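Chemist:
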Amino acid sequence: MRATERPPADGGHPAEGAHRADGGPPADEAPPVGARVPTGEGTSVTGQDTVAEVVRQWRAVYPGLDTGPMEIIGRVNRCAALLQQAEDAPLGRAGLTRPEFDLLGALRRTGRELTPGELARETFSSGAAVTKRLKQLSAHGLVERRGDPRDRRVARVRLTDAGRDAVDRVMPAQLAYESAVLSGLDGPALGELASLLAELLGRLEGRLGAPRT
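Quick note on numbering: the UniProt record's numbering labels position 22 of the sequence shown as 22, and the sequence is numbered without any gaps.
1. Between which two residues does the alpha helix (DSSP H) carrying residue 71 extend?
2. Kindly confirm or deny that the region 189-208 and the region 169-176 touch, where touching means at least three C-beta pairs closer than 8 Å.
3. Please name the residue in 159, 197, 208 whose C-alpha comes closest to that of residue 79.
4. In whole angstroms, what separates the C-alpha of residue 63 from that of residue 48?
5. Residue 113 by DSSP, collapsed to three states: which one?
6. Can you tell me where the beta strand (DSSP E) with residue 147 in it begins and where it stops?
7. Pop quiz: residue 105 and residue 167 are said to be a contact at Cβ under 8 Å. What is the actual Cβ separation, rounded to whole angstroms?
8. Can you tell me whether DSSP reads residue 155 as helix, strand or coil?
9. On the premise that residue 177 lies in contact with residue 214, defined as a C-beta separation below 8 Å, what is that separation, rounded to the nearest angstrom?
10. How many angstroms separate the CA atom of residue 181 from the CA atom of residue 51?
11. When the Cα atoms are used, what is the spatial distance from residue 96 to residue 136?
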């Protein structure tokens, strides 16, 4: 069966609106950030998105609480959840989840066979999650595993021809889709957003270590 002929392997998506109190996805879908929330009056709520309403509601309950972190982390989490749930995206139409595509992409961009442990490191995933995703991808003919001739205890994973074709077909379309999502932001705003997110990610990776999903 081709990748385009199967539903997402992770059992579907969360119900619409099923997000955390900070506007992000359910707690089991996003790594904890460990951020301390300071007290204070908070910053102004901008926009009319879901998180803005959540923040207004929390301020009514806790008037003295600084909700500034929620306005940032909540929006990052919410954006990530919506992008992963977007069934009109090329990944969704191909029947691939983002974590599955990340595995295929790691094999494609490195250009070599990888062990499950190496794939876990490349995709910031747990070993158990990689095993589950590889089983799904293997069942649909996109990857194959073989024993290492020097050590049969070690498995190596490589793309099949169908897996390579799937990546080469989906990658340009997915990037075009993501460019369209960001098209409302001008060049300087995109550059600033990328820099700020890179700084935040660097701080989180240094403080918490690479998340395992």
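A virtual CB, placed ideally from N, CA and C, is assigned to each residue, including glycine.
Values in this document were obtained by computation on a predicted structure and should not be read as measured data.
Modeler: According to the data block:
1. 68-85
2. no
3. 197
4. Taking the straight line from one Cα to the other gives about 20 Å.
5. The DSSP-derived three-state label of residue 113 is coil.
6. 143-148
7. Yes, residue 105 and residue 167 are in contact; Cβ-Cβ is about 6 Å, under 8 Å.
8. Residue 155: strand per DSSP, three-state reduction.
9. Here the chain comprises residues numbered 1 to 213, so residue 214 is not present and cannot be evaluated.
10. 19 Å
11. 10 Å
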